[in-house]
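J.: Before I ask anything, let me first share the structure, which is written out below as structure tokens.
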Amino acid sequence: MPNPTGRFRTLMLCVFATLSFGGIAHADGPPFDLPVDCLNGECEIVHYVDHDAGPEIRDYACGTTTYNGHRGTDFAIPDEATMLSGVAVRAIADGTVTALREGVEDIDSGRLDKDNLEGIECGNGILIDHANGWQSQYCHLRRGSVAVKNGDTVSRGQAIAQIGMSGQATFAHLHFNLRKDKQLVDPFSGTVMGASSTSDCTAENAVLWSSTARQQMTYNDVTLYGHGFSMARPNASDLKRGYGKELELPRSAPALYFWAYLIGANNGDVIRLSLQSPNGKGGHRDFTIDLPNDQGPRAKWFFINMDRPGNLWPAGSYHGEVTFTRPGQAPKTIGETDLTIR
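Written as structure tokens, this is what we have:
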């Protein structure tokens, strides 16, 4: 989710026009392969290109899985612990590396002064030229993972780096940009940014991706970035690091919390967290979002807790559930997990 500057800025022009891709279908052009290794065969896309030219937001499916002015596609991984295990970033097609940056630290940019990020918003990044004016850009790469040099020739599917959180990134993900003749293109709609028509809104669109890539991408109107149990009050930084995902706790645990971290919640959405003990006791709490759609990535975390009844918790299985309701739609369960206390 970088704000382009310098050399990278010159390659991120926004022109409101429709491109024609007829007849372009070869090894170094569309359809393109995935830019990441998606865990368990399913990509977690938390933001798409914003096609609304004004202060509102609209992704290619006329949904709101984006934020105001977002210029690419964000492929997320669960947490920093997963990042440290190494998740490959891959070239979407044959091409030549024409620009790169390496050496920027992986750190939650929310903890930094914005002035410290000036000129390096993309973080560690790679720009690849493909055939017929196509270019792909890969941002927020993990420091020390860039495996190519300027001028290198790369092949479709070649590992070129790993997902990180360098530059202007508040969680571990790849920010991916696609351009044709220096115009930013949404690989789902096949149009340049802002040119996707509201008359052609469908979540099944993925016009510039290969059939293999399409099989690993499902459109979600909200993303459950993480959820789990912990025995200490959770905070956003720890959750993004990968803490608070206990599967088992002792009966003497001082407290019990069930939490959820969502990206893409809208004004008016209701998130219900439910917690049930093995003896049938428990409850739920509803959280109603009150946040305009244009206020950044709209990441929110929530938790509920249960008081220990006496000196020890009842042994057995505890169940946590996350239910999501968007105004005018039926509630749906988007996550659930169990914890064993023994």
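Here the sequence shown is numbered in this note's numbering, starting from -12 and rising by one per residue.
Every residue gets a Cβ at the ideal spot worked out from N, C-alpha and C, and that includes glycine.
(1) Check whether the segment 97 to 111 and the segment 170 to 178 touch, using three or more Cβ-Cβ pairs below 8 Å as the test.
(2) Please report how far the alpha carbon of G215 lies from the alpha carbon of D139, in whole angstroms.
(3) Using CA atoms only, rank isn't needed, just tell me which of S224, L128, S261 is closest to G97.
(4) Using the three-state DSSP reduction, which class does A75 fall into: helix, strand or coil?
(5) Looking at the structure shown, is I11 part of a helix, part of a strand, or coil, going by DSSP?
(6) Using 8 Å as the Cβ pair cut-off and three pairs as the minimum, do the segment 14 to 29 and the segment 110 to 126 touch?
(7) How close, in whole Å, do the beta carbons of H333 and G154 come, if the pair is a contact with beta carbons under 8 Å?
(8) Report the three-state DSSP secondary structure of S142 (helix, strand or coil).
(9) What do you get for S239, buried or exposed, if any count of 16 or more other CB atoms within 10 angstroms of its CB means buried?
(10) Could you check if A159 is buried or exposed, using at least 16 other CB atoms within 10 Å of its CB as the buried criterion?
(11) I need the boundaries of the alpha helix (DSSP H) containing A223, first residue and last residue.
(12) Does the Cβ of L234 have 16 or more other Cβ atoms within 10 Å, making it buried, or fewer, making it exposed?
(13) Per DSSP, what are the beta-bridge partners of T275 in this structure?
(14) Quick one: grab the DSSP three-state call for G28.
(15) With a CB to CB cut of under 7 Å and the five nearest residues on each side skipped, what residues in its chain are close to F289?
(16) Would you identify the three-state DSSP class for T312, choosing helix, strand or coil?
(17) Excluding the five sequence neighbours on either side, which residues of its own chain have a C-beta within less than 8 Å of the C-beta of I94, listed in chain order?
(18) Can you name, in chain order, every residue of its own chain whose Cβ lies under 8 Å from the Cβ of D208, other than the five neighbours on each side?
(19) Compare the beta carbon distance of L236 and I328 with 7 Å and say whether it is the shorter of the two.
T.: Here's the rundown:
(1) No: fewer than three Cβ pairs fall under 8 Å.
(2) Here residue 215 corresponds to residue number 228 of the sequence shown, with the count starting at 1. Here residue 139 corresponds to residue number 152 of the sequence shown, with the count starting at 1. Each residue's Cα considered, the two are about 43 Å apart.
(3) In the sequence shown, residue 97 corresponds to position 110, counting from 1. Across the set S224, L128, S261, the C-alpha of S224 shows the shortest separation from the C-alpha of G97.
(4) Here residue 75 refers to the residue found at position 88 of the sequence shown. The answer is strand: DSSP assigns A75 an E or B state.
(5) Locating residue 11 in the sequence shown gives position 24, where the first residue counts as 1. Bear in mind that the predicted position of I11 carries a pLDDT of just 37, short of 50, making it unreliable; the figure below should be weighed with that in mind. Residue state, collapsed to three classes: coil.
(6) The segment 14 to 29 and the segment 110 to 126 touch, with no fewer than 3 CB-CB distances between them shorter than 8 Å.
(7) Residue 333 lies beyond the residue range present for the chain, which begins at -12 and ends at 329; the question has no answer from this structure.
(8) On the sequence shown, position 155 is the one that residue 142 refers to. S142 falls in the coil class under three-state DSSP.
(9) Within the sequence shown, numbered from 1, the residue matching residue 239 stands at position 252. That one is exposed.
(10) For the purposes of this step, residue 159 is identified with residue 172 of the sequence shown, where counting begins at 1. With a threshold of 16 other beta carbon atoms within 10 Å, A159 meets it and is buried.
(11) What you label residue 223 is simply residue 236 of the sequence shown in a count that begins at 1. Boundaries of the alpha helix (DSSP H) around A223: 223 to 228.
(12) Within the sequence shown, numbered from 1, the residue matching residue 234 stands at position 247. L234 should be labelled exposed.
(13) As a first step, residue 275 is located in the sequence shown; it is residue number 288 there, counting from the start. Partner(s): V257.
(14) Position 41 of the sequence shown holds residue 28. In the structure shown, G28 sits in a helix (DSSP, three-state: H, G or I).
(15) Counting from 1 along the sequence shown, the entry for residue 289 is found at position 302. By the criterion of a C-beta distance shorter than 7 Å, F289 is surrounded in its chain by W246, A247, I258, L260, F274, once the five residues flanking it on both sides are discounted.
(16) Locating residue 312 in the sequence shown gives position 325, counting from the first residue. If DSSP states are grouped into helix, strand and coil, T312 belongs with the strands.
(17) In the sequence shown, counting from the first residue as 1, residue 94 sits at position 107. Here the set comprises M152, S153.
(18) As a position in the sequence shown, residue 208 is number 221, starting the count at 1. G50, T51, T52, G251, R313.
(19) Here residue 236 refers to the residue found at position 249 of the sequence shown. Here residue 328 refers to the residue found at position 341 of the sequence shown. Yes, they are a contact pair.
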